[in-house]
Amino acid sequence: MCGIVGYVGAHNASDYLLDGLKRLEYRGYDSAGMAVLTPDGYRLARKTGRVSNLATAVQSAPMPGRVGISHTRWATHGGVTEANAHPHISSDGVFAIVHNGVIENYANMKNFLLQKGYTFSSQTDTEALVNLIAYHYAKEPENNGKNRFVESVRKALLHVQGTYGIAVLCKDHPGEIVAARKGSPLIIGLGDNENLIASDASALALKTSRVIYLKDGELALVSDRSHRVITTDDETVQTVVHQIEIGLEEYELGDFRHYMEKEIFEQPTALHNAMRGRFSDDSSTARFGGLNIDPHELRQIDRILLCACGTAWHACLVTEYLIEKYARIPVEVEYASEFRYRNSPLDKNTLVVVISQSGETIDTLAALREAKRKGFKVMAITNVVGSTIAREVDGGVYQHAGPEIGVASTKAFTSQVLIGAMIALYLGRLRDMSYSDGVAFVEALKMTPDLVSEVLNISDKIHAIAKNYAHYEDFLFLGRQNMFPIALEGALKLKEISYVHAEGYPAAEMKHGPIALVSEKCPSLFLVTDGEIFSKTLSNIQEVKARKGKVIVIASDCCEFPDGLVDDLIQIPSCHDAIQPVIASIPVQLLSYYIAVERGCDVDKPRNLAKSVTVE
Ligand code: F6R
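For the sequence shown, the positions run 274 to 889 when this note's numbering is used.
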């Protein structure tokens, strides 16, 4: 949430700042801005709306300079105005800052600084920090031979409560950027005679693949040819340089209209990658290289806690169903944001697993830290290699789904669900699941990419259905058992990208309240599988029909429905129960996507949202 780019080097900074911002725009798109330091002082450009607005402004009034910082904003403190857009300049004109995070004690800071004569021109928390840095700089002109710029930032940060990833410029230190993080991700990209700062590696795609991940409480002084990292307590940090792989083509839209569409259609590949090399030689169970927990220890586990936010939380719900069914281990699912403050009692043999596509969601990170603080082993399922969550857990499974740029999660979700199924299989086989059941399970998993492709092949049909439903303002998504989380996920997808009110419910729960919503103005989408509760779900559909509600059904192709019961039927291939949630997710995603397109919505950048939620 909020994207930061900094550049210092031999080239024109604004080119790289803009390029990086475009790649980070998914982190927030309320406004964008950049500051470049020139011999005459700061050149500042800030625009509300997209990075393209900033790019147009910079094109018409170029900002030459070899050092600069830029920002794409997801508003927290203060409305979406140019004055609140970053960078912010200290009122004495010495410092410029971009910030991702929330300064919780900014009001006290601001009062203090107002008394000291500093002035404010925005409603942001960030402006308090840049003025506090200026205050420390002015207060201590001598620093015993230490870099005064670094020291002022360091001292100011000691007073900050909250989270930050910052990049700061100082007029008196024209070839340097100071960057620091606590709770918000930040990396240093090392180039040849040039270095960059960025919120994540995608922003570096054109420049370098050598990065240093800053840790919480660390502060870096970066110039074109050097970098030095210390802690906010002024201790030297030995940095580790990581080589990262960034396939530029993965960030290109190609022939697709939106990243969401591209990512929906990438699912067969993403699912294939999630499984690659992860089955035992006898194809009867899964294996994972990075769990860092041996089978003996896993057998002692008598409870699993799954923690996540949003779509990843829905992946937890499916995983709960699968682990309980196939491994017979009790599972509890918690919203990460609730878990971290709830102090829920955990049995000593509990395994904690967090799921996060970005690996940066602050609530999930806080939940994992809370669990670790209590002495629990924490595993993660995450997509972004080297993300904060990936680095802080005891072990885990990378999704290898490739970068997910569309704000609405699609391929990351199904890959999380598939990995959840593989974990259920692995744990099941460590307990009571037979060899032959294991083999059947593995066979089913291996078929998933092809079955997903089959559903993608009927996208035109789903598009045609979407056209008929695009004008509705209310929707119910209903499913039972392993389809209930998919109903929740379908409702979330529709509301976040189409702004249509949608609710997900267990189909049978509907009559305890939500059925009151059913009318000719509120269609219901049922997710139906064959099996013992098929006839019960049929009754639930009848109840909606009786109240003049339109009914869309997504059902396994072996399910048969009485004439006239279903208005629109989307058939999906029958398959093993463990992979049904993945297969059923595809039409749900496509339907939401096409409805959003029909409504003229900005699918990849829905209002008020951002990918990677790094504020509480
Ligand atoms: C919705 C969506 C969000 C994320 C949530 C957690 O489509 O993408 O609900 O799932 O913000 O994000 P991660 O998985 O990055 O922790």
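Ideal placement from N, C-alpha and C gives every residue a C-beta, glycine not left out.
For Asp-747, the enclosing beta strand (DSSP E) starts and ends at 747 to 752. Gly-301 is classed as buried because its beta carbon has at least 16 other beta carbons within 10 Å across all chains shown. Residue burial annotation: Val-514 is exposed, with fewer than 16 other C-beta atoms found within 10 angstroms of its C-beta. Nearest C-alpha to Glu-605 among Gly-562, Val-627 and Tyr-614: Val-627.
Per DSSP, the continuous beta strand (DSSP E) segment holding Thr-311 begins and ends at 304 to 311. Residue side-chain check: Val-666 keeps its Cβ at 6 angstroms or more from all non-hydrogen atoms of ligand 1. Contact between the region 816 to 824 and the region 845 to 852 is absent, with fewer than three C-beta pairs closer than 8 angstroms. In terms of side-chain proximity, the C-beta atom of Thr-634 is found nearer than 6 angstroms to a non-hydrogen atom of ligand 1. Residue state for Gly-701 is assigned as helix, using DSSP reduced to three classes. For Ile-628, the enclosing beta strand (DSSP E) stretches over residues 623 to 629. For the 7 angstroms CB-CB criterion, Val-495 and Ile-460 do not form a contact. If you keep only unbroken beta strand (DSSP E) runs of at least 3 residues inside the region 617 to 701, you get 623 to 629, 651 to 655 and 668 to 671.
Three or more Cβ pairs closer than 8 angstroms define a contact, and the region 643 to 652 meets that threshold against the region 608 to 626. Exposed is the label assigned to Thr-329, since fewer than 16 other Cβ atoms lie within 10 Å of its Cβ.
Bridge partners of Leu-718 according to DSSP: none are assigned.
Across the structure, Asp-575 and Asn-373 are spaced so that their CA atoms are roughly 39 angstroms apart. Fully enclosed beta strand (DSSP E) runs of no fewer than 3 residues occupy 437 to 443, 450 to 455, 460 to 463, 467 to 471 and 483 to 486 of the region 431 to 491, in order along the chain. Within the region 811 to 847, the runs of beta strand (DSSP E) at least 3 residues long that lie entirely inside it are, in chain order, 824 to 829 and 841 to 845. In the three-state reduction of the DSSP assignment, Ala-559 falls in the strand class, which pools E and B. Note that the C-beta distance between Val-876 and Met-533 is below 7 angstroms. For the pair Pro-854 and Asn-755, the CB atoms are nearer than the 7 angstroms cut-off. Per DSSP, Cys-589 is not a residue of any beta strand (DSSP E); the alpha helix (DSSP H) it occupies stretches across 583 to 599. Burial state of Tyr-280 is buried, judged by a 10 Å Cβ sphere holding 16 or more other Cβ atoms. If you ignore the 5 residues before and after Ala-857, its C-beta comes within less than 7 angstroms of the C-beta of Met-756, Ile-759, Leu-800, Ile-827 and Ile-845, all in its own chain and listed in chain order. Counting along the chain, Asn-373 sits inside the beta strand (DSSP E) bounded by residues 368 to 373. By the criterion of at least three beta-carbon pairs nearer than 8 angstroms, the region 470 to 487 is not in contact with the region 402 to 416. Boundaries for His-359: no alpha helix (DSSP H) harbours it, and the DSSP string shows neither H nor E there. Relative to Ala-697, the option among Pro-779, Asp-710, Arg-296 and Ala-600 whose CA is nearest is Ala-600. Relative to ligand 1, even the nearest heavy atom lies 6 angstroms or more away from the CB of Cys-580. Within the chosen limit of 6 angstroms, ligand 1 does not reach the beta carbon of Gln-853 with any heavy atom. Taking 7 angstroms as the cut-off, the beta carbon of Glu-355 is found closer than this to the beta carbon of Thr-321. Taken through DSSP and simplified to helix, strand or coil, Lys-794 comes out as coil. Residue environment analysis places Lys-480 among the buried positions, since at least 16 neighbouring C-beta atoms fall within 10 angstroms of its C-beta. Taking the Cα positions, Leu-790 is about 13 angstroms away from Tyr-745.
Taken from the Cβ of Gln-630, at least one heavy atom of ligand 1 lies inside 6 angstroms.
In the DSSP annotation of this structure, the continuous segment of the beta strand (DSSP E) that includes Thr-504 starts and ends at 500 to 504.
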